[in-house]
Amino acid sequence: QVQLVESGGGLVRPRGSLRLSCKASGSIFSSHSMGWYRQAPGKQRELVASITSTSIKNYADSVKDRFAVFRDNAKNTVYLRMNALKPEDTAVYYCNTDPPIMEYWGEGTLVTVSS
Numbered sequence: 020q021v022q023l024v025e026s027g028g029g030l031v032r033p034r035g036s037l038r039l040s041c042k043a044s045g046s047i048f049s050s051h052s053m054g055w056y057r058q059a060p061g062k063q064r065e066l067v068a069s070i071t072s073t074s075i076k077n078y079a080d081s082v083k084d085r086f087a088v089f090r091d092n093a094k095n096t097v098y099l100r101m102n103a104l105k106p107e108d109t110a111v112y113y114c115n116t117d118p119p120i121m122e123y124w125g126e127g128t129l130v131t132v133s134s
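Here you go:
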């Protein structure tokens with residue numbers, strides 16, 4: 020059974036930084052593209068960054084040049100480095116495959132950007 024567990028969220032001031040981690044159990048990780056998604060209050064979940072199995076990366080325009088996605092296949096972990104955070108980045112952040120598989124959604128990790 021596949022499980023994805025996100026961590027690293029918290030409260031951060033505007034222009035601050037955070038690094039999120041997503042640990043995957045099961046055998047999906049190394050062969051799948053992985054994505055970081057977020058859902059802000061009252062909004063739909065959106066894909067903000069993705070990384071293929073060969074580390075080709077894509078970013079939403081709203082986070083380009085501020086966020087960076089990395090993966091460590093040996094550790095079954097994908098990371099999201101977030102710099103220059105803005106209040107509008109406040110959301111619950113999730114990882115999943117790209118495209119997402121419904122059964123793999125975890126609880127996410129909350130990022131709050133506020134002074």
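So the sequence shown is residues 20 to 134, counted in the numbering used here. Glycine included, each C-beta is placed from N, C-alpha and C at the ideal position.
*Inter-residue Cα distance where the pair is glutamate 122 and glutamine 22*: Within the sequence shown, numbered from 1, the residue matching residue 122 stands at position 103. Within the sequence shown, numbered from 1, the residue matching residue 22 stands at position 3. Their backbone Cα atoms lie some 9 Å apart in a straight line.
_leucine 104: first and last residue of the uninterrupted beta strand (DSSP E) it sits in_ = Here residue 104 corresponds to residue number 85 of the sequence shown, with the count starting at 1. No beta strand (DSSP E) contains leucine 104, which DSSP labels as neither H nor E.
*Could you tell me which residues DSSP puts in a beta bridge with tryptophan 8?*
It is not possible to answer for residue 8, since the shown part of the chain is limited to 20 through 134.
*Length of the line joining the Cα atoms of asparagine 92 and arginine 64*: In the sequence shown, the residue the question calls residue 92 occupies position 73. In the sequence shown, the residue the question calls residue 64 occupies position 45. If I take the Cα positions, the gap works out to 26 Å.
*Assign alanine 68 to buried or exposed, taking buried as 16 or more other Cβ atoms, counted over all protein chains shown, within 10 Å of its Cβ.*
Walking along the sequence shown from the start, residue 68 turns up at place 49. It is buried - the Cβ of alanine 68 has at least 16 other Cβ atoms within 10 Å.
_Element boundaries [beta strand (DSSP E), containing arginine 90]_ = One-based indexing of the sequence shown puts residue 90 at position 71. Counting along the chain, the beta strand (DSSP E) containing arginine 90 begins and ends at 86 to 91.
_With distance defined between alpha-carbon atoms, name the residue in Trp124, Lys83, Tyr113, Leu66 nearest to leucine 104._
For the purposes of this step, residue 104 is taken as the residue at position 85 of the sequence shown. If we check each option's Cα against that of leucine 104, Lys83 comes out closest.
*Going by C-alpha distance, which of Glu126, Thr128, Lys94, Gly29 is nearest serine 134?*
For the purposes of this step, residue 134 is taken as residue 115 along the sequence shown, with counting starting at 1. Of the listed residues, the one whose Cα sits closest to serine 134 is Gly29.
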